[in-house]
Amino acid sequence: MKRIAAVALACSLSLPVWAKDIATVNGQGISQAKFDQFVGMLVAQGAQDTPQLRDQVKQEMINRLVAVQAAEKAGLQKDPAVQQETELATQSILVRALMAKYLKDHPISEADLKKEYDTIKAEQASRKEYKLRHILVKDEAKAQDLIKSIKAKKTSFEAAAKKDSIDTGSGKNGGELGWGPSSNYVPEFAQAVDSMKKGELSAKPVQTQFGWHVIQVEDVRPIAFPSFDEAKPQLEEMMRQQALADYQKSLMKDAKIVDKAE
């Protein structure tokens, strides 16, 4: 008898977990399998699998099912707008799953990352960054007068910036803009900076959408390039996005598309 009881107990323990319901709502069950999937999804997103989380998930699934049953009872599943929204949501989920599968099947290797890193680093080797000051005024004549006064040492660049610059943010600091590549600035300003040398004052005012600038290049240095380990997360994401874009293009290329719009 004890042997039979032990076998019966073993059989009962071996029954699949998904055969059970964690709750029912108006006779409709919420399966253990769906509950575990929901919990697993949240854990994969960083949540901790705790009794409190499981209680919250169970209540959320009950709340949803109650609302879904009410919506179905009201016939909302037949509403054209609801059907369209459901179809779009399904499409979005399928597209997201397809892209995730593609990335899983075509992972970015360490060698690919290193090769891309070396390529970008070589391309950036000649780039420079500048330590700049500027004075911004409304008209060209005022800017020309300031250049003459600074060159004649009638005033210092810092004093002129504090007194005359309409860019009050940098003006109060003597026109200081700090370090940065010329690409940080609008094209006209950047072009002028790229043509200047360390210690140079702009020979003539530079016009941009903001007004007229007097520019001084205080210092120049090569752009500091991040290490491979520092760049790796951003580089990997960039390459993943590029891989997905290329995959999407290939799908479009292989598809037979007939545009019937007049």
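All residue numbers for the sequence shown refer to our numbering, where the first residue is 45 and numbers rise by one.
Each residue gets a CB set at the ideal place from its N, CA and C atoms; glycine is no exception.
**Asked** For A268, which option in R171, A91, L97 and L176 has the closest C-alpha, if you only look at C-alpha atoms?
**Response** As a position in the sequence shown, residue 268 is number 224, starting the count at 1. R171 is the residue among R171, A91, L97 and L176 whose C-alpha sits nearest the C-alpha of A268.
**Prompt:** Does DSSP put Q260 in a helix, in a strand, or in coil?
**Reply:** If you number the sequence shown from 1, residue 260 lands on position 216. Judged by DSSP in its simplified three-state form, Q260 adopts strand.
**Asked** By how many angstroms is the C-alpha of K207 removed from the C-alpha of K242?
**Response** As a first step, residue 242 is located in the sequence shown; it is residue number 198 there, counting from the start. As a first step, residue 207 is located in the sequence shown; it is residue number 163 there, counting from the start. Rounded to the nearest whole angstrom, the C-alpha separation of K242 and K207 is 24 Å.
**Request:** For the region 141-148 and the region 222-239, state whether three or more C-beta atom pairs, one from each stretch, are separated by less than 8 Å.
**Result:** In short, these stretches do not touch, since the Cβ pair count stays below three.
**Message:** At the level of alpha carbons, what is the spacing between M283 and N70?
**Reply:** Along the sequence shown, one-based indexing puts residue 283 at 239. Along the sequence shown, one-based indexing puts residue 70 at 26. M283 and N70: Cα-Cα distance of roughly 49 Å.
**Request:** State the DSSP-derived secondary structure class of V302, mapped to helix, strand or coil.
**Result:** Position 258 of the sequence shown, counted from the start, is the residue given in the question as residue 302. Coil at V302, not helix or strand.
**Prompt:** Grouping DSSP H, G and I as helix and E and B as strand, with all else coil, what is S227?
**Reply:** Here residue 227 refers to the residue found at position 183 when the sequence shown is read from its first residue. Annotated three-state conformation of S227 is helix, per DSSP.
**Prompt:** Quick one, which of I74, K197 and K78 has its alpha-carbon nearest Q113's?
**Reply:** For the purposes of this step, residue 113 is identified with residue 69 of the sequence shown, where counting begins at 1. When I74, K197 and K78 are compared, the shortest CA-CA separation from Q113 is found for I74.
**Asked** Leaving out five residues before and five after V230 in sequence, what residues of the same chain have Cβ atoms less than 8 Å from its Cβ?
**Response** Your numbering for residue 230 matches position 186 in the sequence shown. Answer for V230: T252, Q253 and F254, listed in chain order.
**Prompt:** Got a sec, what are the start and stop residues for the alpha helix (DSSP H) L27 sits in?
**Reply:** The chain is shown only over 45 to 306; residue 27 falls outside these bounds and no answer can be derived.
**Message:** For a minimum of 4 consecutive residues, which ranges assigned as the alpha helix (DSSP H) are wholly contained in the region 144-208?
**Reply:** As far as the region 144-208 is concerned, its whole alpha helix (DSSP H) runs of at least 4 residues are 154-168, 184-195 and 201-208.
**Request:** Starting from G84, trace the alpha helix (DSSP H) both ways and give me its first and last residue.
**Result:** If you number the sequence shown from 1, residue 84 lands on position 40. Its alpha helix (DSSP H) spans residues Q76 to A88.
**Item:** Cβ-based burial, W62 [other Cβ within 10 Å; buried from 16]
**Value:** Mapped onto the sequence shown, residue 62 falls at position 18. For W62, the predicted structure reports a pLDDT of 43, less than 50, and the residue's modelled location is therefore unreliable. A value from the coordinates is still provided. Classification of W62: exposed, given that the 10 Å Cβ count is below 16.
**Request:** Count the other CB atoms, across all protein chains shown, that sit within 10 Å of the CB of P249; report buried if there are 16 or more and exposed otherwise.
**Result:** Translated into positions along the sequence shown, residue 249 becomes position 205. When all chains shown are included, P249 counts as buried.
**Item:** Rounded separation between V126 and V110 - CA only
**Value:** Reading the sequence shown from its first residue, position 82 is the one you call residue 126. Reading the sequence shown from its first residue, position 66 is the one you call residue 110. Distance between the alpha carbons of V126 and V110: 18 Å.
**Asked** Does the Cβ-Cβ distance between L245 and K195 come in under 8 Å?
**Response** The count along the sequence shown starts at 1 and reaches residue 245 at position 201. The count along the sequence shown starts at 1 and reaches residue 195 at position 151. Going by C-beta atoms, L245 is nearer than 8 Å to K195.
**Neighbourhood of A52 by C-beta, 8 Å cutoff - its chain only, sequence neighbours within 5 removed** = For this step, residue 52 is matched to residue 8 along the sequence shown. Because the pLDDT at A52 is just 34, under 50, the model does not fix this residue reliably, and the value given afterwards should be weighed accordingly. Excluding its 5 nearest sequence neighbours in each direction, A52 has no C-beta neighbour in its own chain below 8 Å.
**Message:** Using a 10 Å radius around the Cβ and a threshold of 16 neighbouring Cβ atoms, would you call V302 buried or exposed?
**Reply:** As a first step, residue 302 must be located in the sequence shown, where it is residue number 258. The residue in question, V302, is exposed, as its Cβ has fewer than 16 Cβ neighbours within 10 Å.
**Asked** To the nearest whole angstrom, what separates the beta carbons of G219 and R177, a pair I think is in contact under 8 Å?
**Response** The sequence position of residue 219 within the sequence shown is 175, counting from 1. The sequence position of residue 177 within the sequence shown is 133, counting from 1. Contact flag correct, Cβ pair sits at about 4 Å.
**Message:** At the level of alpha carbons, what is the spacing between S294 and L138?
**Reply:** Counted from its first residue, the sequence shown places residue 294 at position 250. Counted from its first residue, the sequence shown places residue 138 at position 94. Rounded to the nearest angstrom, the two C-alpha atoms are 17 Å apart.
**Message:** Could you tell me the alpha carbon to alpha carbon distance between S226 and V258, rounded to whole angstroms?
**Reply:** By one-based count along the sequence shown, residue 226 stands at place 182. By one-based count along the sequence shown, residue 258 stands at place 214. Those two C-alpha atoms are separated by around 15 Å.
**Asked** In the DSSP assignment, what residue or residues form a beta bridge with D290?
**Response** Residue mapping note: residue 290 aligns to position 246 of the sequence shown, counting from 1. For D290, DSSP records no beta bridge to any residue.
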